[in-house]
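A.B. asks: Below is one structure. I have some questions about it.
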Amino acid sequence: MEYKKRTRNFYDPHSKTPFNISRSKIDLFLECPLCFYLDRRLGVGRPSMPAFTLNVAVDRLLKKEFDIYRAKKEAHPLMKRYKISAVPFAHADLDLWRENFTGVRFYHPETNLIISGAVDDVWLGERGELSVVDYKATAKDGEVELTDSEWHRGYKRQIEVYQWLLRQNGHKVSDTGYFVYVNGKADRAAFDGKLEFDIKVIPYTGSDKWVEKTLGELKKCLDLPAPPPAAQACEFCGYRTIMNNTLTANSASKNNQTLFG
129 MEYKKRTRNF YDPHSKTPFN ISRSKIDLFL ECPLCFYLDR RLGVGRPSMP
179 AFTLNVAVDR LLKKEFDIYR AKKEAHPLMK RYKISAVPFA HADLDLWREN
229 FTGVRFYHPE TNLIISGAVD DVWLGERGEL SVVDYKATAK DGEVELTDSE
279 WHRGYKRQIE VYQWLLRQNG HKVSDTGYFV YVNGKADRAA FDGKLEFDIK
329 VIPYTGSDKW VEKTLGELKK CLDLPAPPPA AQACEFCGYR TIMNNTLTAN
379 SASKNNQTLF G
């Protein structure tokens, strides 16, 4: 697919219209302020990645399955297995909350930003608190565990942003969310046209206290007259730097050969 600079949907510091920032763009800002600025302010986003279509299929099937128990107002068998006193939450806006281009939304007046994020599911606990639920699919040997890797830290922030959004919309939200982790089994004797999974529910107790501060920093970044420095660990910026340096050195070498060769 041909890469093109966007001609719309980027931030104008002089505009009074609220600007939308999705949960994933908050994560992009935390990963690399320069990549965030290039994307949201200048319309130059990172190259897109192909969709993980198997993960999308698992996500859809899990939603369908939990919706069956939502309609019956009953606990899903996984909730019973893990002794979670809850039922899938039924709400008039649930379909909007789960839709990528709407999601749970909140206008943040301090920054004039609309923050949004699409949840996978929400469960209602016996004390009337909502728990954010995120579906994850993988295929790895051994037991799935939640670690402190950068990848999993991003997953945790995801839960926390959703918790913050639901609270801003007036809901009573538990600090404890859940990952419904689906792990494909690769140890079967044959494929036989089907992929089998282990399913594990992993609780996570989050804190959304970082969100407000981050939104303020993110807004300051958007208002900068010039791009901020790149994050040291950003592979995209590292690639751009090395590529530009290599092209410059190669061009200089060819010029020298022309002059003196």
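Count along the sequence shown from 1, add 128, and you get the number used in the numbering used here. For glycine and all other residues, C-beta sits at the position ideal for the given N, C-alpha and C. The structure displayed is predicted, hence computed values, not measured ones.
1. Got a sec, what are the start and stop residues for the alpha helix (DSSP H) residue 348 sits in?
2. Using the Cα positions of residue 204 and residue 180, report the straight-line distance between them to the nearest angstrom.
3. Could you pull out every residue in the same chain whose Cβ sits closer than 7 Å to the Cβ of residue 213, ignoring the five residues on either side in sequence?
4. Would you call residue 367 buried or exposed, if buried means 16 or more other Cβ atoms sit within 10 Å of its Cβ?
5. Under 7 Å, do residue 305 and residue 259 count as touching if we go by C-beta distance?
6. Pick helix, strand or coil for residue 152, following the three-state DSSP scheme.
7. In terms of alpha-carbon separation, which member of 172, 196, 245, 194 lies closest to residue 148?
8. Throw me the rounded Cβ distance for the residue 287 and residue 334 pair, which I believe falls under 8 Å.
9. Over the uninterrupted beta strand (DSSP E) stretch that includes residue 334, give me the two end residues.
10. Under the DSSP definition of a beta bridge, which residues are partnered with residue 232?
11. Rounded to the nearest angstrom, what separates residue 188 and residue 264 at their Cα positions?
C.D. replies: This is what the structure gives:
1. 337-350
2. 26 Å
3. 253, 254
4. exposed
5. yes
6. helix
7. 245
8. 5 Å
9. From DSSP, residue 334 is part of no beta strand (DSSP E); its letter is neither H nor E.
10. 245
11. 12 Å
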